[in-house]
Amino acid sequence: RRHILDLTVSHARFDPALSREAIEIVRSIMEAQQVVGTLCVEFFVANGRLYVNEMAPRPHNSGHLTIEGCIASQFENHVRAVAGWPLGSSEFRQPTAMVNLLGDLWELGEPNWSAAHAHTDCHLHLYGKSDAKAGRKMGHLTALGTNARQAATRALQARHAVAERLIDAELPREIAEFL
């Protein structure tokens, strides 16, 4: 949506060769730049090839699903790395998905946040920003599931519930093929 991350999903089905290539790209960047801490590297896949979209040398929106999803979140491991402490496990506890909450959701007034809490294994995070503007990241929802598709569906349905007239709850076709 407008070139802003919409949905992040763990445990997606992905070509193992591309996964290894992504890890090697990130490893080489971190070593060349002597990065200490978190480095988020977002990739696009097109025609079977990886393309780097964005890099951020800090905890990043793309990794917010680690808060509930992983044993040690990106925030915890960033602090540990910078402090010189041993890293915690970045292993996922279970499949996890995260959807952004953009300022567009406030178009018809304050969203119905209690509707998000009614969804199983969903966690609401609001960033406390005062001005809701179209395209501005105001928060995110994280959902857990028994598999990637269930986690993604729960996250999308919870976001739909808070502002039903404004946003679709369907899993996009281009994402569904990986879940």
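Residue numbers (this note's numbering): 563 to 741. Cβ atoms here follow ideal geometry from the backbone N, Cα and C, with glycine treated the same way. Note that the coordinates shown come from a computational prediction; the quantities given were computed from them, not determined experimentally.
Exposed or buried, residue i, counting other C-beta atoms within 10 Å across all chains shown (16 or more means buried)?
| i | result |
| --- | --- |
| PRO621 | buried |
| PRO657 | buried |
| GLY646 | exposed |
| PRO673 | buried |
Consult DSSP for residue i and reduce its assignment to one of helix, strand or coil.
| i | result |
| --- | --- |
| ARG711 | helix |
| VAL593 | It is worth fixing the name first, because residue 593 is Glu in this sequence and not Val. In this structure, GLU593 counts as helix in the three-state DSSP scheme. |
| VAL641 | helix |
| THR658 | strand |
| ALA720 | helix |
| ALA694 | coil |
| LEU670 | coil |
| GLY599 | coil |
| GLU583 | helix |
| SER635 | coil |
For residue i, list the residues DSSP reports as bridge partners.
| i | result |
| --- | --- |
| GLY701 | LEU663, LEU688 |
| ARG575 | Per DSSP, none; premise fails for ARG575. |
| THR570 | MET660 |
| LEU649 | In DSSP, LEU649 forms no bridge with anything. |
| LEU706 | THR658 |
Less than 8 Å between the beta carbons of residue i and residue j, yes or no?
| i | j | result |
| --- | --- | --- |
| GLY690 | ARG655 | no |
| LEU706 | ALA713 | yes |
| GLY599 | HIS640 | yes |
| ALA678 | VAL724 | yes |
| ASN662 | ILE566 | yes |
| LEU569 | ALA710 | no |
| ALA584 | PHE606 | no |
| LEU601 | VAL614 | no |
| PRO743 | VAL644 | A question about residue 743 goes unanswered here, because the residues of the chain that appear run from 563 up to 741. |
| ALA696 | GLY650 | no |
| GLN719 | HIS681 | yes |
| GLY701 | LEU688 | yes |
Check for me: the beta strand (DSSP E) holding residue i runs from which residue to which?
| i | result |
| --- | --- |
| GLU604 | 602-608 |
Tell me the residue span of the alpha helix (DSSP H) that contains residue i.
| i | result |
| --- | --- |
| ALA618 | Careful: ALA618 lies outside any alpha helix (DSSP H), inside the beta strand (DSSP E) at 611-618. |
| ALA678 | 675-679 |
| GLU630 | 628-631 |
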